[in-house]
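Here's the structure, in structure tokens; my notes come after.
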Amino acid sequence: MAEEQVVKNRESRPPREGREGGRGPREGGGGPGRGEGRRDDRPRSGGDDRRGDRDRDRFGPPEIELEKLISDSLYLDNQAHGVVSRMRDMDSGTKSQLRRLYNAVRRAYRAAENERQHEFVMLRARLAYTIARHGLRSLDQIEKLLLQVTRKNDPRGYERFKDLFEAIVAYNE
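Throughout the sequence shown, residue numbering follows our numbering, covering 12 to 184 in sequence.
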């Protein structure tokens with residue numbers, strides 16, 4: 012009975028790339044939940060070390076430090092490269108989505124000084140929505156940094172955030 016259900020489920024799915032009709036013997040003698048039959052991307056225990064490192068990076072990139080960002084241009088450049096690298100590895104975001112966010116950053120930066128903090132708070136909400144809607148998990152760091160910037164409410168912080176986003180857009184081209 013359970014085997015009959017598995018066959019029905021397998022037949023209702025579209026065929027996988029490189030396999031005829033979505034059926035066929037599993038290579039390497041893998042059983043259920045192993046090898047090709049696996050339907051998720053969760054890391055396997057005892058797997059390839061490089062994959063484990065990649066998954067750790069995916070879920071726990073180091074936080075961007077606002078003070079370093081303000082004081083060190085090379086740090087800003089390195090962080091921009093890191094974000095773009097993670098975007099290429101894990102996201103399917105488009106350049107136009109990133110440019111729309113960058114335009115919103117520029118508008119918030121150009122706001123009057125007494126309105127700037129409010130504009131950046133609203134920008135954070137927009138960024139959070141975009142991250143969730145389009146699955147841009149690589150921009151989680153940027154959202155955390157934006158929270159730091161708005162809490163500090165320092166004109167240099169806003170300027171450096173804008174510069175960082177500009178560098179991200181440039182390196183993503």
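For each residue, glycine too, the CB sits at the ideal point set by N, CA and C.
Candidates the options, of which the one nearest residue i by Cα
i	options	result
Gly168	Glu124, Val94 and Thr105	Glu124
Gly146	Ala91, Met98, Asp83 and Arg111	Met98
Glu74	Pro166, Glu154, Leu138 and Glu184	Glu154
Asp254	Asp88, Glu78 and Met101	Outside the displayed span of the chain (12 to 184) sits residue 254, for which this structure offers no information.
Arg162	Lys79, Leu112, His129 and Tyr113	His129
Asp165	Tyr86, Phe131 and Leu87	Phe131
Proximity test, Cβ basis, 8 Å: residue i and chain C
i	result
Tyr113	Here there is only one protein chain, and chain C is not present.
Beta-carbon gap between residue i and residue j smaller than 8 Å
i	j	result
Arg110	Ala119	no
Leu175	Gln90	yes
Val180	Phe172	no
Asn183	Val95	yes
Leu156	Leu134	no
Leu80	Leu87	yes
Terminal residues of the alpha helix (DSSP H) in which residue i lies
i	result
Thr161	Asp151 to Lys163
Leu85	Ser84 to Met101
Thr105	Careful: Thr105 lies outside any alpha helix (DSSP H) and carries neither H nor E.
Leu175	Pro166 to Asn183
Residue burial classification, residue i (beta-carbon count within 10 angstroms, cutoff 16)
i	result
Ser82	exposed
Arg61	Confidence at Arg61 is low in this model, with a pLDDT of 44, below 50, so the placement of that residue is unreliable and no value is reported for it.
Ala178	buried
Arg37	Model confidence at Arg37 stands at a pLDDT of 45, short of 50, so the residue's coordinates are unreliable and nothing is read from them.
Arg144	exposed
Ser149	buried
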